[in-house]
Structures are given as structure tokens and as C-alpha cells.
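Engineer: The structure follows.
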Amino acid sequence: MYIIRMKNCAFFARHGVLDEEETLGPRFYVDAALTVEPGRALVDDSIEDTVHYGIAFGVIEKIITGERRFLIEALALEVARSLTARFPQIKKAEITVRKPNAPVPGVLDHVEVTVAWPQ
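Numbering (this note's numbering), first residue to last: 32 to 150.
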């Protein structure tokens, strides 16, 4: 097994519970740690036998910029499930979604949730 990490993938999206979050739409950041069954990729240097991270980025982007979700937990799980469905060689997807400037009554850098699939 080996792990492909994609860090700080940034997307403008409109997720959240509050109406102004849908109106204003903050930037969201996604990290993906994909545990991959090596197959022949490490020996043959073949893109067909691994996870093409350009395609994986597109999968993440489609979900994060798509349908509005109230919870970033739901976003993270949908990303993890979609990546493992698209790439059968992924044995585990650990997805972190970060939301800067979350509407809380105080100062914080960001809120983040990490989900692993399958569990």
C-alpha cells in the first residue's frame, strides 16, 4: 500500500446552515489522503494502475462546488465515497474539509472535519 496526499485543494462554495453562508459563499479547503493498493503501478510506472490525481481533483471539485450542504461532515463523506467508487484501487480515503471564517461568536482560524471511508 502507499498513500497519495492532496493538500489544500481550494474551492469557492456555498455550504453552511446560515442563509448568509449561501449568499456570501466562503472558500473551502480539502485534504485527501488516499491509501492505494499498488497493483502494478510501482513496477510498471503506469498511470492506469494508480489514482490519477488530476481526475481525483475533479471529483473533489464537483462535490465541493455542487449541491449545498449544511454540514461539512456530509461533504467530506461524499468526497470519500465518490473517490473510492471512482478508483477501486483506493482502499481507504481520509478526507478533511476546512471552513475558514466559520460563523462563531469568537475568533478562530477555521473549523475542520475529517472523515475516513470505508470506516
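The C-beta atom is built at its ideal place from N, Cα and C for all residues, glycine as well. Since this is a predicted model, take the numbers as computed values, not measurements.
By Cβ distance below 6 Å, which residues in the same chain neighbour residue 36 in space, the five residues on each side in sequence not counted?
Structural biologist: Walking along the sequence shown from the start, residue 36 turns up at place 5. Result list for residue 36: 64, in chain order.
Engineer: From the DSSP output, which residues share a beta bridge with residue 99?
Structural biologist: What you label residue 99 is simply residue 68 of the sequence shown in a count that begins at 1. Looking at the DSSP assignment, residue 99 forms no beta bridge with any residue, so it has no partner.
Engineer: Between the stretch 94-106 and the stretch 65-80, can you find at least three pairs of beta-carbon atoms closer than 8 Å?
Structural biologist: no
Engineer: Since residue 128 is in the beta strand (DSSP E), which residue starts that stretch and which ends it?
Structural biologist: What you label residue 128 is simply residue 97 of the sequence shown in a count that begins at 1. Looking at the DSSP string, the run of the beta strand (DSSP E) that includes residue 128 is 121-131.
Engineer: Along the beta strand (DSSP E) that carries residue 140, what are the first and last residues, could you check?
Structural biologist: The count along the sequence shown starts at 1 and reaches residue 140 at position 109. Here residue 140 belongs to no beta strand (DSSP E), and DSSP marks it neither H nor E.
Engineer: Give the straight-line distance between the Cα atoms of residue 128 and residue 111, rounded to the nearest whole angstrom.
Structural biologist: Position 97 of the sequence shown holds residue 128. Position 80 of the sequence shown holds residue 111. Straight-line Cα distance between these residues: approximately 11 Å.
Engineer: In the DSSP assignment, what residue or residues form a beta bridge with residue 37?
Structural biologist: As a working mapping, residue 37 is identified with position 6 in the sequence shown. Answer by DSSP bridge pairing, in chain order: 63.
Engineer: Take the Cβ of residue 44 as the centre, count every other Cβ of all protein chains shown within 10 Å, and call the residue buried at 16 or more, exposed below.
Structural biologist: Translated into the one-based positions of the sequence shown, residue 44 becomes position 13. Buried is the call here.
Engineer: Return the chain-ordered list of same chain residues with a C-beta closer than 8 Å to the C-beta of residue 138, the five sequence neighbours on each side being excluded.
Structural biologist: By one-based count along the sequence shown, residue 138 stands at place 107. Result list for residue 138: empty, nothing under 8 Å.
Engineer: Out of 83, 61, 32, which has the shortest C-alpha to C-alpha gap to residue 70?
Structural biologist: Along the sequence shown, read from residue 1 onward, the residue named residue 70 stands at position 39. Considering only alpha carbons, the answer is 32.
Engineer: Thinking C-beta only, is residue 147 closer than 8 Å to residue 125?
Structural biologist: The count along the sequence shown starts at 1 and reaches residue 125 at position 94. The count along the sequence shown starts at 1 and reaches residue 147 at position 116. Yes, the pair counts as a contact, with Cβ atoms nearer than the cut-off.
Engineer: Per DSSP, which one or two residues make a beta bridge with residue 147?
Structural biologist: As a working note, residue 147 is residue 116 in the sequence shown. Answer is 125, bridged to residue 147.
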